[in-house]
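There are 4 protein chains.
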Amino acid sequence: MGQAADGAVFRQRVMKSVQIHAFEMRSPDDTRALEQALEVGAIEGDEIVCILVKTEGNGLANDFTRALAEISLLSLLCRHLHLGRDDVEARISLICSGGTEGVLSPHMTVVCVSYQAGGTDVGSGPRLAFGHAHAQRVVHSGVGIDETAQRRAITAAVNQAMIKAGLYDHSAVHLVLVKAALPAGLEAGAQQQAKPALRAASALGVAVALAELSPEHLHDLSEVPRSAWSSRACVTAASDLACSEIVVFGNSPAWGGELVAGHTILADMLDSPSVARLLKQLGYDASPQLNAVDTAAVKAVVLKGEPPRSDIRGHRHTMWDDSDINALRHYRSAMGALLSGLLGCTRHYLSAGAEHQGPPGGANLCVIMQAPASPTHNAREP
Amino acid sequence: MGQAADGAVFRQRVMKSVQIHAFEMRSPDDTRALEQALEVGAIEGDEIVCILVKTEGNGLANDFTRALAEISLLSLLCRHLHLGRDDVEARISLICSGGTEGVLSPHMTVVCVSYQAGGTDVGSGPRLAFGHAHAQRVVHSGVGIDETAQRRAITAAVNQAMIKAGLYDHSAVHLVLVKAALPAGLEAGAQQQAKPALRAASALGVAVALAELSPEHLHDLSEVPRSAWSSRACVTAASDLACSEIVVFGNSPAWGGELVAGHTILADMLDSPSVARLLKQLGYDASPQLNAVDTAAVKAVVLKGEPPRSDIRGHRHTMWDDSDINALRHYRSAMGALLSGLLGCTRHYLSAGAEHQGPPGGANLCVIMQAPASPTHNAREP
Amino acid sequence: MGQAADGAVFRQRVMKSVQIHAFEMRSPDDTRALEQALEVGAIEGDEIVCILVKTEGNGLANDFTRALAEISLLSLLCRHLHLGRDDVEARISLICSGGTEGVLSPHMTVVCVSYQAGGTDVGSGPRLAFGHAHAQRVVHSGVGIDETAQRRAITAAVNQAMIKAGLYDHSAVHLVLVKAALPAGLEAGAQQQAKPALRAASALGVAVALAELSPEHLHDLSEVPRSAWSSRACVTAASDLACSEIVVFGNSPAWGGELVAGHTILADMLDSPSVARLLKQLGYDASPQLNAVDTAAVKAVVLKGEPPRSDIRGHRHTMWDDSDINALRHYRSAMGALLSGLLGCTRHYLSAGAEHQGPPGGANLCVIMQAPASPTHNAREP
Amino acid sequence: MGQAADGAVFRQRVMKSVQIHAFEMRSPDDTRALEQALEVGAIEGDEIVCILVKTEGNGLANDFTRALAEISLLSLLCRHLHLGRDDVEARISLICSGGTEGVLSPHMTVVCVSYQAGGTDVGSGPRLAFGHAHAQRVVHSGVGIDETAQRRAITAAVNQAMIKAGLYDHSAVHLVLVKAALPAGLEAGAQQQAKPALRAASALGVAVALAELSPEHLHDLSEVPRSAWSSRACVTAASDLACSEIVVFGNSPAWGGELVAGHTILADMLDSPSVARLLKQLGYDASPQLNAVDTAAVKAVVLKGEPPRSDIRGHRHTMWDDSDINALRHYRSAMGALLSGLLGCTRHYLSAGAEHQGPPGGANLCVIMQAPASPTHNAREP
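Listed in order, the protein sequences are those of chains A, B, C and D. Position one of the first sequence corresponds to residue 0 (numbering that gives the first Met the number 0), numbered consecutively onward. Position one of the second sequence corresponds to residue 0 (numbering that gives the first Met the number 0), numbered consecutively onward. Position one of the third sequence corresponds to residue 0 (numbering that gives the first Met the number 0), numbered consecutively onward. Position one of the fourth sequence corresponds to residue 0 (numbering that gives the first Met the number 0), numbered consecutively onward.
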């Protein structure tokens, strides 16, 4: 193919593409698998742009596995890239979420961007695009969150990340991850109280950026009803962060590679049909489960949701009534199994606590997969 | 139809049939829904033969919701049936299991046997059959379980219950519930230690009765490997019980009514395809979920399983490593969601802790549904 | 002594006296020890006026061990007293609290009132007095609590119970237990939300009755600061109760018997000196622990408190930051051990969740003990 | 004083002394207080010999707060001391224990050894001595622990640490901390299974070194009854450790400074009198609590114990029956409060899981305090 001089090949040479690698973690500080991949050259360190980590903590107030994973990864990356911590943090978005209840498996998902299109099925349609950005620093007053400033900073940063990714159309965006910066210097208790408002404002910032909500109607953000939500936001609050970070995934014809993203909404905690429809759109069949070959094509799964306040399809559940297990831990165990039953694997980035992210009691879901081979596509075209 | 004199109508007149009713429970002592059904005649009290209860406790050592549900139900039934407690217990099998983690809904499943075939699709094939029996009392020595005596008592009682149900062929049996009697007078700690051996011996008793294992190879039961298991046993240990109880469900041409049972094995915690295949056998399509009409046809779902000791499809899980949430609570939340995603409802009798019950790391599943209307059946036959 | 005709003996003949018996509970439905005491006549059933039960549940929203204990005790009492449930409930105050974390022991404390002064040290000072009353029924509107009506109903009922006990001076009252009736027909979630306001209004009702607060300053009860509190209130919220119940303990010269009560305030979670001072007032020495003989003189210990929102003596604690163990469970384990270390026994009625009950971060404590033998008293008098 | 030429002054000039500093930790990775102390010179970095850390994790299998504290402290110490990680680990014993249930406060206790006797009350008796040693590396076979090799390695290392501390008499030793190295390369599950045997063998190693047990009777260590125990061992198992580490505290006339150590045994979970007796020996009065001045004299408190398998003083407890809270978490909350009530502070190194460490159901306790001022001592001498 290299000899040909037509546009396709030219495009192939210079197109950026995203590669995604997942690695098992035997503990939150286990970075051996990534280290080995870096050593043998399976991954080029300077191509890493983002690492999503799912650790085995409780995913709640006193979950320190996220901090442990982050410090361990930063240590490895500084060493391998010969960079200082600030430089690594400026270059690579590290986003951690605790909680691998039920079948879920602790793992890290390493996102690389390279210019070697290697094997791209040129002309086969839009491919996975990636962009990230740091939001402008927001100075909150005391323990309260300046919700409007946070909302605006996030909206601006999402737009910036979209432009970096070459995603100029909202509908091409399939996932916006926000690592929202908590105000500095808060006590543990005050941090916990600030988190919902911070996440809510951030999610509304995404919704505005994706034209899901109009900023004109967003005056007092604490008054915005839960019925206003973004279909693609997934927000995590983090402390010890100078400013919020944004990661955007979408599909773009300007990108090469083998991956594509899609997203959907789960209307409630049993909404497996919506997941199956999304997989169908991506070219795969889960009725009820992907076959082993197709399971291997799954590269990343990100779900953000929360248990419903009321019944599930008319029947009472007890997630909020259990004083021994937090409702969000019930939730992750349940939704992790629902997704795993459909996808045939257990490595999902599943985050609970979903202010303005997805419908109430439902969820946002983004799946990134290998684009199916051409024959499948051809079969569907005349 | 009553005027005709052919066999079908004659059969309809005298055939026994099983009806199953599920009721929401707002708390473990909430029997109001059943009480109302008895009062308005929706259920005849003297037709009740078994009640399966799923309570919202932790399903572990200190789960007293089962005792509360039992005492509450006994109180209602004694009052309504004008019987003493012993008579109610002799007539009705009350089997409780704690744990409604995740989406699962606390509920009771009331099984009735009547002679009014009402609406039976005569000649349409075998229908749900029910039988129960009390096992011979086993006297254990001290804190230890006399495993062989327990095994034999269960085998005999299963055979007896099968005969009562008119199930003469092992393959027609789809579920054997055992409420195994713990030795009397044990301390709480000793009870906990005795439970695994009691459940194991009982499960092996079922396996022998169903010809899944040969009694000749069962000398020292504590030595029997986990690779020996019954595909239809679901054992619960209970204290304050004079002798173990057995409940058998199967399909028989001698029974009428509208219900049929089926069972399958889940090879691992992600084995949704096996569930879908079972539903297909029963005449329903879950790809990935039953439609709302078919969901209403689900009458009872009983799953018995346990988390695997090792990985799930090659990936690490943390259910056994979590010192704050017991592995079985993780399990029920996960499997409850997997089943609910397929079936479209959240009322399942899901029991964890599965010595010799189903494959290691997998599960036994029995589903009881309304037999599909004839057209569907016809459609598949020339 | 019976032959003498002086006032002391006359007083002895007709004085009422309180006896207190504690019984081990092997499970929340274990009433065997009480049953046996009734059978052998160690307790006269018609002398029972109150039973305090400490069950081994989590003491939180989904603790059904209280309901199980109550139904089990009612069943026994109905059977033994040949009374209907309503009559038993009208005569005997059953008050249950869940949570025996740490060293605490599940037990019931049975309070009897008799006219046989048996062994009373006549003329030795005021003795334990008991009174109880049902508050007027309060009709709350919807899910909200009518706090003022509840406050007033409790104040009136405390006064009534004091009069029944012959306690006309506020300072002679050492404990007021309130079993506050939740509005009927609330969902589990709504009940949980209603509890704090109900308990707060009830505690303020006690404070007014004991002249600790002036009713004039209590307009909007939800605005009353936490710095207003009763030193002797211990409130529990209960559902399925027609009206709130009040139990009062104090010391009165009109009562005979061998028991006396005292109370104190714990300023914080480490305030063992206040406990020791109270014991000293009662005639006992805990420096740091009662000796075995004196431990046997302890008849009932009731503590109501809550973890502090901020530090303990300048050092951070993590009770509120632990997402796996509820702060109140931490609290009961800690305070149970603090008390047990001083008293040398582990049967205490320790209740957490203390709106307007005791100082913030501190606790109310009432101890009922055998009055020390005269020599001790004489030793302190010239 | 420097001018005088007598022995006392000479002794003062060259005597080693131990200083102990405690620092609040706002999270397991919070090393700011220590960092500040190093920056202002309150602590000389090269005088640090040991840091005991009590983190706010669950103290059980999946407690990663210990790893986070360790990596954070190592990072600070490497930076401040300009040493590599191996050198820091060779010089400073870092021993972490998770679990600050109840009133306990997350903190670190930094032990320094200096040659500046500063303010030593010369001739006032033996003072706190410190020694540490690395045990010889033990190669275990597979998942099993070579218990005899571990026992011997620990015995030898304790002797070595004693010699380093100048403690030649067993009775002068008041605490032996062991950080026992788990076999390398074990899975999480296998690690958990190996821990009890490793801790048991290590504790027996201490017992032999302190002449509490005779090595002749220790053939098959797994057969040694629980009635054999060391009164001063406190063992923690750790992974990622090349060889086990030993820390010894005792009192020696060869050491100066202001601190002294003492130890005692708690016979059961209520044994506050033994604690008070120990404090009395050290010159302090806790009846029931140290006064504020004396509380400030407490420098370190180390307790190792476990919940009893049977009753506490004749009454049932439920620590082992609670399936939602691990018994060791109940234990730490209870014992932390018992100690805090006596000592008036909440910073204790309290470790649960006590194979052959202290009497069954009881505990080992070591307290390090400022030696009381001379008048007190004089008062006791003629």
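For glycine and all other residues, C-beta sits at the position ideal for the given N, C-alpha and C.
Inter-residue Cα distance where the pair is V274/B and A336/A: Translated into the one-based positions of the second sequence, residue 274/B becomes position 275. Translated into the one-based positions of the first sequence, residue 336/A becomes position 337. Straight-line Cα distance between these residues: approximately 14 angstroms.
Test: V137/B CB closer than 8 angstroms to a CB of chain A: The count along the second sequence starts at 1 and reaches residue 137/B at position 138. No, V137/B lies away from the interface with chain A (no Cβ there is under 8 angstroms from its Cβ).
Sheet register partners of M107/D (DSSP bridge): As a first step, residue 107/D is located in the fourth sequence; it is residue number 108 there, counting from the start. In the DSSP output, where bridge partners are listed per residue, M107/D has F22/D, V52/D.
Close beta carbons around P307/A, own chain, < 6 angstroms, minus the five adjacent residues each side: By 1-based counting over the first sequence, the position of residue 307/A is 308. Within the same chain, P307/A has close Cβ partners G360.
Within the segment 123-205 of chain A, ranges of the alpha helix (DSSP H) (whole runs, at least 4 residues): Whole alpha helix (DSSP H) segments, 4+ residues: 146-164.
Sequence ranges, alpha helix (DSSP H) only - wholly within the segment 53-109 of chain A, length at least 4: 64-80, 84-90
Cβ-Cβ separation, A260/B to C365/B (assumed contact under 8 angstroms), whole Å: For the purposes of this step, residue 365/B is taken as the residue at position 366 of the second sequence. For the purposes of this step, residue 260/B is taken as the residue at position 261 of the second sequence. Sure, about 6 angstroms apart at Cβ, within 8 angstroms.
Straight-line Cα distance separating L181/D from L302/B: As a working mapping, residue 302/B is identified with position 303 in the second sequence. As a working mapping, residue 181/D is identified with position 182 in the fourth sequence. Using only the alpha carbons, I get a separation of about 39 angstroms.
Chain-ordered neighbours of D323/A on chain B, where CB pairs are closer than 8 angstroms: In the first sequence, the residue the question calls residue 323/A occupies position 324. Residues of chain B with a Cβ closer than 8 angstroms to the Cβ of D323/A are, in chain order, N57.
Cβ neighbours of W319/A in the same chain (closer than 6 angstroms, five flanking residues each side left out): Taking the first sequence and counting its residues from 1, the one referred to as residue 319/A is at position 320. Apart from sequence neighbours up to five positions away, the residues of its chain that approach W319/A with a beta-carbon distance below 6 angstroms are A326, ordered along the chain.
Bounding residues of the alpha helix (DSSP H) (the contiguous stretch that carries M368/A): On the first sequence, residue 368/A is found 369 positions in, with the first residue counted as 1. No alpha helix (DSSP H) holds M368/A; the beta strand (DSSP E) holding it covers 362-369.
Chain C contact for A362/D (CB, 8 angstroms cutoff): Sequence index remark: in the fourth sequence, residue 362/D carries index 363 (1-based). No, its Cβ sits nowhere closer than 8 angstroms to a Cβ of chain C.
Length-filtered (3 minimum) beta strand (DSSP E) runs lying within the segment 292-358 of chain D: 297-304, 348-351
The segment 185-200 of chain C / the segment 260-270 of chain C touching (three or more Cβ pairs under 8 angstroms): no
Chain A contact residues for M334/B, given Cβ-Cβ distances below 8 angstroms: Here residue 334/B is taken as the residue at index 335 of the second sequence, counted from 1. Neighbours of M334/B on chain A, chain order: A336.
Stretch-stretch touch, CB-based, cutoff 8 angstroms, three pairs: the segment 206-219 of chain C with the segment 140-158 of chain C: yes
Rounded separation between V52/C and D62/C - CA only: As a working note, residue 52/C is residue 53 in the third sequence. As a working note, residue 62/C is residue 63 in the third sequence. Distance between the alpha carbons of V52/C and D62/C is about 14 angstroms.
Check whether V172/D and R231/D have beta carbons under 8 angstroms apart: Counting from one through the fourth sequence, the residue named residue 172/D turns up at place 173. Counting from one through the fourth sequence, the residue named residue 231/D turns up at place 232. In contact: V172/D and R231/D (Cβ atoms closer than 8 angstroms).
Close beta carbons around A206/A, own chain, < 6 angstroms, minus the five adjacent residues each side: Taking the first sequence and counting its residues from 1, one reaches residue 206/A at position 207. Cβ neighbours of A206/A beyond the five flanking positions: L212, S229.
Between the CA atoms of L174/D and N250/D - distance to the nearest angstrom: On the fourth sequence, position 251 is the one that residue 250/D refers to. On the fourth sequence, position 175 is the one that residue 174/D refers to. If I take the Cα positions, the gap works out to 10 angstroms.
Alpha-carbon to alpha-carbon, N363/B and G357/B: On the second sequence, position 358 is the one that residue 357/B refers to. On the second sequence, position 364 is the one that residue 363/B refers to. G357/B and N363/B: Cα-Cα distance of roughly 5 angstroms.
Endpoints, the alpha helix (DSSP H) within which S382/D is located: Here chain D has residues from 0 to 381 only, and residue 382/D is not among them.
Which listed residue (K15/A, A132/A, A68/A) has its alpha carbon closest to that of L26/A: Along the first sequence, one-based indexing puts residue 26/A at 27. Per the sequence presented here, residue 26/A reads as Ser, with Leu not at that position. Taking only the C-alpha atoms, the option nearest S26/A is A68/A.
Per-residue contacts from F248/B into chain C (C-beta, under 9 angstroms): For this step, residue 248/B is matched to residue 249 along the second sequence. Within chain C, no residue comes near F248/B; the closest Cβ sits about 29 angstroms away, beyond 9 angstroms.
is_contact[L67/A, chain D] using C-beta, thresh 8 angstroms: Here the question's residue 67/A lines up with position 68 in the first sequence. So, interface residue.
Sheet register partners of S16/A (DSSP bridge): Here residue 16/A refers to the residue found at position 17 of the first sequence. DSSP output for S16/A lists S113/A, G255/A as bridge partner(s).
Own chain partners of A148/B with C-beta closer than 6 angstroms, once the 5 adjacent residues on each side are dropped: Translated into the one-based positions of the second sequence, residue 148/B becomes position 149. So the list reads V137, once near-sequence residues are dropped.
The segment 240-258 of chain A / the segment 70-79 of chain B touching (three or more Cβ pairs under 8 angstroms): no
C-alpha distance - A299/D paired with C344/D, whole-angstrom precision: Walking along the fourth sequence from the start, residue 299/D turns up at place 300. Walking along the fourth sequence from the start, residue 344/D turns up at place 345. Distance between the alpha carbons of A299/D and C344/D is about 11 angstroms.
Cβ contact (3+ pairs, closer than 8 angstroms) linking the segment 286-299 of chain D and the segment 163-172 of chain D: no
Coil, strand or helix - V223/A by DSSP: Position 224 of the first sequence, counted from the first residue, corresponds to residue 223/A. If DSSP states are grouped into helix, strand and coil, V223/A belongs with coil.
Residue environment, D323/C, which counts as buried when at least 16 other CB atoms sit within 10 Å: By 1-based counting over the third sequence, the position of residue 323/C is 324. D323/C comes out buried.
Between the CA atoms of N57/C and T375/B - distance to the nearest angstrom: Sequence index remark: in the second sequence, residue 375/B carries index 376 (1-based). Sequence index remark: in the third sequence, residue 57/C carries index 58 (1-based). With a pLDDT of 43 at T375/B, under the threshold of 50, the predicted position of this residue should be treated as unreliable, and no value is reported.
Cβ-Cβ distance between V247/D and M107/D below 8 angstroms: One-based indexing of the fourth sequence puts residue 247/D at position 248. One-based indexing of the fourth sequence puts residue 107/D at position 108. Result no, Cβ atoms of V247/D and M107/D do not sit closer than 8 angstroms.
CB contact check: S104/A to chain D, cutoff 8 angstroms: Taking the first sequence and counting its residues from 1, one reaches residue 104/A at position 105. False, the Cβ-Cβ gap to chain D never drops below 8 angstroms.
Collapsed DSSP secondary structure at E211/C in the structure displayed: Here residue 211/C corresponds to residue number 212 of the third sequence, with the count starting at 1. Of the three classes helix, strand and coil, the one that applies to E211/C here is coil, per DSSP.
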